[in-house]
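These notes concern the structure reproduced below.
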């Protein structure tokens, strides 16, 4: 009898919870929604967030704003959202740093998977492998041959230990069986300057900020690091196609909510996000920046996050990259 009562009470509480979440979602949203970007304004992730914010505002019928909370290699903004109310009004718009940090950093004040509910994958952010146009190689295969026959002569630039560019190049070196000296820069602009002047041999960098250099002949595009070719550079092969089978470097941006956000709210946000990513306006703007629009169900995004965390764990172990 007591067991039956406990089961009945449990069933009633479960039904009440479902009913409460459904009622809440029916009135959602009724105030401003905040997308917290854990990077400074004007960066790649921030630009994608702002591109989506306008379309989300239209789909949801409520204002969606972007708030930058940079610091601690994205930890400051990410922790802020992890501690926020799980009501769908404070969301995290982040990048690959989210899945990389558990391997790159000793400790985190949140659990990357347990403290967040994935909502929607927004876009993939391919990098292009760039070379000094006067270098003695014009393709990835020629680069590999030159590096093997001239050990110690090549170097590569990155904006820091543990960045996507650094880890991607280390993985490229490993798969290609070559060695290149790592030179660290404070930012992409300094990297570009030294590549153009021949002080640096190669580097990975974003497509949009380097496209003009490639078109003017000041840099040579050897390959893109994505799984498929990029619309802005259709004639540039992937690294896999160019001679390093199996290479890919998946850099992404996406939307997450605090854990325990009601499923109907997550579903509403996911639908709005997918509507935005299927619109010609948003797709056109992202593509014009060299990005690849994503989208899809939240469950698929969850699976991707687990896979990407495992990928980063392997890459960091192989490269030895750590952020103190």
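Numbering (UniProt numbering), first residue to last: 1 to 324.
Note that the Cβ used here is the ideal one computed from N, Cα and C, for glycine as well.
The model shown is predicted, which means the values in this text are computed figures rather than measured ones.
Candidates the options: which alpha carbon is nearest residue i's?
i	options	result
residue 169	137, 244 and 113	244
residue 261	39, 98 and 92	92
residue 287	207, 214, 198 and 96	207
residue 62	138, 29 and 88	29
residue 216	250, 166 and 132	132
residue 151	257, 173 and 162	173
residue 114	82, 279, 100 and 130	82
residue 171	241, 248 and 230	248
residue 318	162, 41 and 99	162
residue 305	251, 196, 105 and 213	251
residue 112	268, 292, 294 and 259	259
residue 144	293, 202 and 85	202
residue 108	130, 79 and 85	79
Kindly give me the distance between the Cβ atoms of residue i and residue j, rounded to whole angstroms, as I take these residues to be in contact under 8 Å.
i	j	result
residue 238	residue 226	6 Å
residue 127	residue 205	6 Å
residue 256	residue 116	4 Å
residue 60	residue 32	No, residue 60 and residue 32 are not in contact; Cβ-Cβ is about 11 Å, not under 8 Å.
residue 276	residue 56	6 Å
Tell me residue i's beta-bridge partners as DSSP assigns them.
i	result
residue 66	35
residue 254	94 and 121
residue 316	According to DSSP, which records beta bridges pairwise, residue 316 is partnered with nothing at all.
residue 131	202 and 220
residue 230	233
residue 181	155
residue 137	DSSP, once it has assigned bridges, lists no residue as partnering residue 137.
residue 238	224
residue 293	123
residue 116	258
Looking only at its chain, what residues have a beta carbon closer than 8 Å to the beta carbon of residue i, apart from the 5 residues adjacent to it on each side?
i	result
residue 76	38, 69 and 70
residue 50	66
residue 147	153, 154, 176, 178, 179 and 180
residue 297	270
residue 97	38, 73 and 74
residue 316	100, 103, 104, 162, 167 and 322
residue 236	128, 221, 222, 223, 224, 229 and 230
residue 200	132, 155, 156, 157, 183, 191 and 194
residue 285	51
residue 119	91, 254, 255, 256, 257, 266, 269, 270, 273, 298 and 301
residue 283	277 and 293
Take residue i and list the residues in its own chain whose beta-carbon comes closer than 6 Å to its own, dropping the five residues that flank it on each side.
i	result
residue 181	155
residue 313	103
residue 141	243
residue 253	45, 48, 95, 122 and 123
residue 240	247
Apart from the five residues just before and just after residue i, which ones in its own chain have a Cβ nearer than 7 Å to its Cβ?
i	result
residue 160	166 and 184
residue 233	128, 207, 221 and 224
residue 23	Because residue 23 sits at a pLDDT of 48, beneath the cut-off of 50, its placement in the model cannot be relied upon, and the following sentence gives the value as read from the coordinates. Around residue 23: no qualifying Cβ.
residue 198	132 and 134
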